[in-house]
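Contents: one structure, followed by commentary.
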């Protein structure tokens, strides 16, 4: 026995030794964190054209740092040769000694080796890739944009440079030839479903809204081709008013398949050749962000299944280099829109990289001179998005990276408070809230104060996560003061609701849904106040109705929080079902059931101004996952979570909710629940006419016909119960 | 008479009409002010290599704004077609209406025309060129990096964007094909003066220190060529230790003249071919900044003439895209070094564009996180340089452009004060002062407080120039408080001098020259204090001597201000003459007469570390112009000025001092002065044994054997006097 043990030990230590000496670390391209994201977002956001004209954003576009220093220390158990590649001009220091030229191979001795590499690149992001057996680039390299290594007259370097180093940024550029600057989304061939001659041209239908690069096959001749895109047939055929078009100059004596260089969002294309230009057929290269297929929902309600599928496809189309608003128009990163994409993503692909990329791109660089996207509310959604991301992902590293940028943005906000400590729209501040007729932005709007309060709470939470006790105390105090102020200034005892605003120090009479519904799911109200808001605002026909899926998202969430899932289910069927009945293949920027015909297509005073594939239209993914499958984390990264299924009018539903470490699978009928989770400790809550039973555990009666069961990971549970 | 008058009037108005309708405005490329300068300084400062290795600065490199909006309104008397060119992707709006595509020709109607053009460019600076009869780009176009033109749901644009527009930046890119991004300094052919075989290679001598691109003529064969540059013969031949080298890979079966891509500073080149590589001879392309030949000095003292000529050549070599420190090493823009180049320039080429470019490049972009070049004193020289520039040039437009950037830099400085309101080196602050052995940077150094005080005074002056009364009052108050503090804390009554520093709230015992000499020409001292400083510091051998021409500049200036021109003249001859005797063809970074042989070449612990062509070595230009020819402005842009010639040991001297509007010419002997000025009103001051006489005016006796005469522009004065 002793001998055998010894032999085993030897084997283990040999394996360990082999690992540390020979295991090839997987290298990846690194950069200053956020810089690739800013650069890529510039590339993406400056790509849009409208009717052939370049159409950039109206806020400041930032740049990456053009000169960056990377370094890391290694303890090498044996000598090795490393390969160095950089995007940009670079130099290399080993243990403080500069090497000649720009070496692509460097021989290192065993022992302590400190590698410093400086990279300069104006055009694309300074990036670095080092590959060796032991020395490789990874997120633990340190990086700075000013090393301040000055020397004295004897050549001695300063010992007090005060330089701040941060961990390097990375993504998935894991081989030398996969350079960050060459990043492109993948494409695949898609065929049209219909093609018909109309007038001088051909109308091609791809069967559903889509995104990518058109290919004209066997194109030849000499002349121009007008290519008119449409999210609707009407738009494609209205060559004078459609939002997007390309004009292709053709000079092809020999026929050739030609793919356009501009990507567009469209279902229809009307192609009108001039001169003797001819082509055979039209296909497209569908461009997409590869996202793992994880979240899932299916039920006995076919309409709801279709709503979920179309929502999923809407999310697929608007999830690109970053989460964008719509595929036809803007194609920019809007913080308020992205905030909803993040939420949907947690119940769909759980693609944390795209969440982080988008948050970093939105923040941009110092100095902070305007709100994010110039919109006050969008600044606050940015704060909120960070804590949400932490709650779903448990990614503390990202909080550490982003926290300094949160602080400087909050500084900016704090400095814009008026003498009463409230925020009103100053010159340059867009107070957006929602697209709604006649919505007042005057004075101190309650909605902005509410989001500000919540953002201060978020600061305190993030400070706490990072153990920054002083910050935590300061932000907690500010948040508490602001919350008291918010309640004092805007709660109206008579109306039992929050008013819309305060003008010249006085409450206005106006009540709108926004503040009231957010206060619900922020949990700011006592039961009596909740009941007031529910009756006097959420369920009242006298308060102006919401016309955008954007704010419907929050309205329905508030109702779900109040236990109105049955009502919400029907509203979802009506509202999103209404778009489906009108032939929607993706969900829209705005939907007003009272409109008809081509009136549905117009917005911003333009006949086809409305985006028919808008990320904020996809919210059923989130609502179904969180309030019907009923799954949500109760501690960061699903270490603990709750499952509280709600069938509403469905006979059964099944689904999968992704987490950072595997999925939570659920099948629910009116008398049976099956659940299996790959991770965390769950708390299954069932409302049942009798105590539910399961071979896998015993339910606790928590009163009011509610029962709960602890769900251990990697175990299949089957439960009998009786739905109410 | 009446008829004639009428006819004349008609002619005038016809000419006026023709001017306004047909006169072709001269268009120029425009950009966001400072952005071209920042971009070009990145290009220049990242060009240096040391022994083949890329060697960038250690402070933050900024970027231009990548997305910029230009606009201007015109009142067109007739329709016209304009040509548009941009560096970058762009769009064009005319009277608020977007034009399709990226038009290079646009037809405009008569009447009011507002042109908005947005340009995006990541790699080089977004720049715009518009050419028409009436509509052309010039410095009066407005430009911003965020137009914040958001719209409401009806498509109406916001009326309160709060956007700040500034005047466009320009230089001399005055034709469509002269693009800013293609900027290069011109070159011309220069031949070597000697060539000799030494060992395996050939040593080529260009006769004096120079700058440019080496050409190897009739180069052929296969192999490498080692090219070892040297400011001295010793450096070129020491292939293992010289500071700069190139290795050229040759693969030329057919002989070819080959010019190297890297520019270098050198007098000697040692060229060592390997393999079967051969070449005929070596020449160079001398690269230079074209500067008008204006300032001039000549005298009966041949050594001083040579000092002036070599100073001029030193300035020529170090005046490049920007004023740099030296031609061999650094080749970066250092604020303290540039401050002296500006001063010399006012007595040489009066090249205001290069002064402005350098000031803008040094400032970089927000956020301000470190001192300029990381050096505290260099931040202060930057402030001082702006008022000096105004005093010499009278350029108020530049003050308007730079003032906001001065304010934010001063904010940064103010926030770094300690509890006593003083500045000490915090982490990341380099307290430089001078290259001097054992110079203490501990605690609150008096020199930094003095420069800080002067910078606050500069802020007040600039605020006043712009009519910013509130700022003026605030900065005047801060300056006055700081000046009192400076006098209280650092003047030592016993020593009758300023001490070097304050440590732990106590004056130190140490007295150095820096603070004392600056206080002289800042005019902070009463006559008794002046006398104390002169005796106990400036003329004392017990106070540590200055070894750099950099601080010699100020030391000699202080002595000149104290009327010690005779002494200074001799010191110049000794110090700069000393370098000449050692064969200097340009003046050095540091010169210690006590050293000998190759010890003169070393610095920073490296055998050839010292720069032998350093801009701060050229200060005799300034001293001779200001304190011997004795010309200086007394109001901005030489509207008024003073001429107070001082011959010292010269029998005669003559010279020319440039101003923004022509020159001031002077010829001085011991009994005759000739003067003619193109501009301004001068005050000629002569010390004479008897009252000077002139046919052009009468001298006023101002006592102490001093006489003065008012000098009108464009008039030749000949004066008889008797020099003392």
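Residue numbers (the numbering used here), protein chains in the order written: chain L, 3 to 726; chain C, 3 to 726. The C-beta atom is built at its ideal place from N, Cα and C for all residues, glycine as well. Note that the coordinates shown come from a computational prediction; the quantities given were computed from them, not determined experimentally.
Residues of the stretch 120-150 of chain L whose Cβ lies closer than 7 Å to any Cβ of chain C, in chain order: 120, 122, 124, 125, 147, 148, 149 and 150.
At a Cβ-Cβ threshold of 9 Å, residue 70 (chain C) and residue 145 (chain C) count as neighbours. Interface residue (Cβ-Cβ distance to chain L less than 9 Å): residue 214 (chain C) is not classified as such.
A direct Cα-Cα distance of roughly 45 Å separates residue 676 (chain L) from residue 366 (chain L).
Pairing residue 683 (chain C) with residue 712 (chain C) gives a Cβ-Cβ distance under 9 Å. Under the three-state reduction of DSSP, residue 231 (chain L) is assigned to strand. Secondary structure note for residue 40 (chain L): its alpha helix (DSSP H) is the uninterrupted segment 37-47. As a beta-bridge residue in DSSP terms, residue 668 (chain L) pairs with L:657 and L:677.
When the alpha-carbon of residue 65 (chain C) is set against those of L:29, L:59 and L:125, the nearest one is in L:125. When the five nearest sequence neighbours on each side are left out, the beta carbons in the same chain lying within less than 8 Å of the beta carbon of residue 241 (chain C) are those of 228, 230, 247, 272 and 274, in order along the chain. Contact between the stretch 75-92 of chain L and the stretch 110-121 of chain L is present: three or more C-beta pairs spanning the two stretches fall below 8 Å. From the beta-carbon of residue 499 (chain C), no residue of chain L is found nearer than 9 Å; the closest lies around 25 Å away.
Legend: CB atoms of the stretch 396-422 of chain L lying less than 8 Å from CB atoms of chain C are not found in any residue. Interface annotation, residue 91 (chain C): in contact with chain L, CB-CB separation under 9 Å. Residue 134 (chain L) and residue 84 (chain L) do touch by the CB rule: their CB atoms are close to 4 Å apart, below 8 Å. When rounded, the separation of the alpha-carbon atoms in residue 686 (chain L) and residue 668 (chain L) is 11 Å. The beta-carbon separation of residue 379 (chain L) and residue 616 (chain L), rounded to 17 Å, does not stay under the 8 Å limit for a contact. Within the same chain, 305 and 306 come within 7 Å of residue 575 (chain L) by CB-CB distance, once the 5 residues on both sides are set aside.
Contacts with chain L at 9 Å (Cβ-Cβ) do not include residue 339 (chain C). Taking the CA atoms as reference points, residue 640 (chain C) sits about 15 Å from residue 631 (chain C). Residue 688 (chain L) and residue 647 (chain L) have their alpha carbons spaced roughly 7 Å apart. When the beta-carbon positions are compared, residue 334 (chain C) and residue 182 (chain C) stay at least 9 Å from each other. When DSSP states are grouped into helix, strand and coil, residue 608 (chain C) belongs to the strand group.
With its beta carbon at least 9 Å from every one in chain C, residue 617 (chain L) lies outside the interface.
In the assembly as shown, residue 600 (chain C) is an exposed residue. Its beta-carbon has fewer than 16 other beta-carbons within 10 Å. C:88 is the residue among C:225, C:101, C:467 and C:88 whose C-alpha sits nearest the C-alpha of residue 132 (chain C). Here residue 462 (chain C) is buried. Its C-beta has 16 or more other C-beta atoms within 10 Å. Sequence-ordered contacts of the stretch 586-612 of chain C with chain L read 605, 606, 607, 608 and 611 [C-beta pairs closer than 8 Å].
The beta-carbon of residue 246 (chain C) is placed no less than 9 Å from the nearest beta-carbon of chain L. Residue 165 (chain L) belongs to the set of residues whose beta carbon lies under 9 Å from a beta carbon in chain C. No residue range can be given for residue 372 (chain L), since it is assigned to no alpha helix (DSSP H) and is classified by DSSP as neither H nor E.
Between residue 44 (chain C) and chain L, the shortest Cβ-Cβ separation is below 9 Å.
For residue 182 (chain L), no CB of chain C lies under 9 Å from its own CB, so it is not counted at the interface with that chain.
Interface criterion not met: the Cβ of residue 502 (chain L) is under 9 Å from no Cβ in chain C. According to the DSSP secondary-structure assignment, residue 122 (chain C) is paired through a beta bridge with C:69 and C:91.
Collapsing the DSSP output to three states places residue 644 (chain L) in a strand.
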